[in-house]
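*Asks:* Sending over a structure as structure tokens; questions will come in a sec.
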Amino acid sequence: DAMVIQNPRYQVTQFGKPVTLSCSQTLNHNVMYWYQQKSSQAPKLLFHYYDKDFNNEADTPDNFQSRRPNTSFCFLDIRSPGLGDAAMYLCATSREFAAASNQPQHFGDGTRLSIL
Amino acid sequence: GQQLNQSPQSMFIQEGEDVSMNCTSSSIFNTWLWYKQDPGEGPVLLIALYKAGELTSNGRLTAQFGITRKDSFLNISASIPSDVGIYFCAGRLSNYKLTFGKGTLLTVNP
Chain A
1 DAMVIQNPRY QVTQFGKPVT LSCSQTLNHN VMYWYQQKSS QAPKLLFHYY
51 DKDFNNEADT PDNFQSRRPN TSFCFLDIRS PGLGDAAMYL CATSREFAAA
101 SNQPQHFGDG TRLSIL
Chain B
1 GQQLNQSPQS MFIQEGEDVS MNCTSSSIFN TWLWYKQDPG EGPVLLIALY
51 KAGELTSNGR LTAQFGITRK DSFLNISASI PSDVGIYFCA GRLSNYKLTF
101 GKGTLLTVNP
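Below, the structure written as structure tokens:
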């Protein structure tokens, strides 16, 4: 059974039209991550939530926002998508706590975003 | 910042051959992870390594955490067509963020 679930798997939006991608998890992990992955490249971290605390990467454009209404769900909002935002967006989770700070991240299957 | 050098960038092999790929870093990591990504899918964790010198197997896959904590390798024995995909190494320190290698694209000819 899928433990990190991303919806939709494919999303097409128009240039400049806001779009929201969703991620849910059944692992009860306290950290959730959003990555952007372009063709033939490694995943690039955009931001993450450690519990309710939002942590933005320094080079993540302001166009990208995130919400985490509860432990299980996390959303990626792209306010005004440009052609350069076409990519695979990956959600990941991990369980982090003081006694075990080296847990691996588990990824969803991603949402492939296309911009028209 | 930390950077990972993953090699080779791509490999073309015959079914049944063994494969080896590795990652090196300019700085140390506390954990090394190996992921496989199929086209259109998310990365799937293959092996996690937590201690310097650790050698871990998962079926036909074997990975080692280098003694210096700056490198790791992944071996695949007796490759099969479904081994095709992109293999990523990733290292992490205690801040739980991952640093990814650029990936190794593996093609297996039946």
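Residue numbers (my numbering), protein chains in the order written: chain A, 1 to 116; chain B, 1 to 110.
Glycine is no exception: its CB is placed at the ideal position from the N, C-alpha and C atoms.
1) Give the single residue among 76/B, 36/B, 19/B and 71/B whose Cα lies nearest to the Cα of residue 46/B.
2) Is the distance from the Cβ of residue 26/A to the Cβ of residue 19/A below 8 Å?
3) Between which two residues does the beta strand (DSSP E) holding residue 78/A run?
4) Ordered along the chain, which non-local residues of its own chain (more than five positions away) have a Cβ less than 7 Å from that of residue 24/B?
5) List the residues of chain B that residue 109/A touches, going by C-beta distances under 9 Å, in chain order.
6) Listed in chain order, which residues of the stretch 44-78 of chain B have Cβ atoms closer than 9 Å to some Cβ of chain A?
7) Kindly indicate which three-state DSSP category residue 71/B falls into: helix, strand or coil?
8) Hey, how far is the Cα of residue 78/B from the Cα of residue 78/A?
9) I believe residue 109/B touches residue 9/B by the beta-carbon criterion, under 8 Å. Please report the beta-carbon distance rounded to the nearest angstrom.
10) The beta strand (DSSP E) that contains residue 97/B, what's its start and end?
11) Please list, in chain order, the chain B residues whose beta carbon lies closer than 7 Å to that of residue 42/A.
12) Locate the beta strand (DSSP E) running through residue 84/B, then write down its first and last residues.
13) Would you list the residues sitting across from residue 3/A in a DSSP beta bridge?
14) Quick one: which chain E residues come within Cβ less than 8 Å of residue 8/A?
15) Pull up the CB-CB distance for residue 42/B and residue 42/A, whole angstroms please, since I reckon it's below 8 Å.
*Replies:* Let me spell this out:
1) Against the second sequence, residue 46/B aligns to sequence position 46. Per the Cα distances, 36/B.
2) Looking up residue 26/A in the first sequence gives position 26. Looking up residue 19/A in the first sequence gives position 19. Cβ distance not < 8 Å, so residue 26/A and residue 19/A don't count as in contact.
3) On the first sequence, position 78 is the one that residue 78/A refers to. Element bounds for residue 78/A: 73-78.
4) Locating residue 24/B in the second sequence gives position 24, counting from the first residue. The residues are 5, 70 and 71.
5) Locating residue 109/A in the first sequence gives position 109, counting from the first residue. Correct list: 40, 41 and 42.
6) 44, 45, 48 and 50
7) Stepping through the second sequence from its first residue, residue 71/B is reached at position 71. Looking at residue 71/B - three-state DSSP - the assignment turns out to be strand.
8) Position 78 of the second sequence holds residue 78/B. Position 78 of the first sequence holds residue 78/A. Roughly 44 Å between the two C-alpha positions.
9) Position 109 of the second sequence, counted from the first residue, corresponds to residue 109/B. Position 9 of the second sequence, counted from the first residue, corresponds to residue 9/B. Incorrect: roughly 18 Å between the Cβ atoms, too far for contact.
10) By one-based count along the second sequence, residue 97/B stands at place 97. Note, residue 97/B: premise wrong, no beta strand (DSSP E); not H, not E.
11) Translated into positions along the first sequence, residue 42/A becomes position 42. Per Cβ cutoff of 7 Å: 88, 100, 101, 102 and 103.
12) As a position in the second sequence, residue 84/B is number 84, starting the count at 1. Here residue 84/B belongs to no beta strand (DSSP E), and DSSP marks it neither H nor E.
13) Locating residue 3/A in the first sequence gives position 3, counting from the first residue. Answer by DSSP bridge pairing: none, since residue 3/A is not bridged.
14) Within the model displayed, chain E is absent; protein chains A and B are what it includes.
15) Position 42 of the second sequence, counted from the first residue, corresponds to residue 42/B. Position 42 of the first sequence, counted from the first residue, corresponds to residue 42/A. Rounded, the Cβ-Cβ distance is 13 Å, inconsistent with contact.
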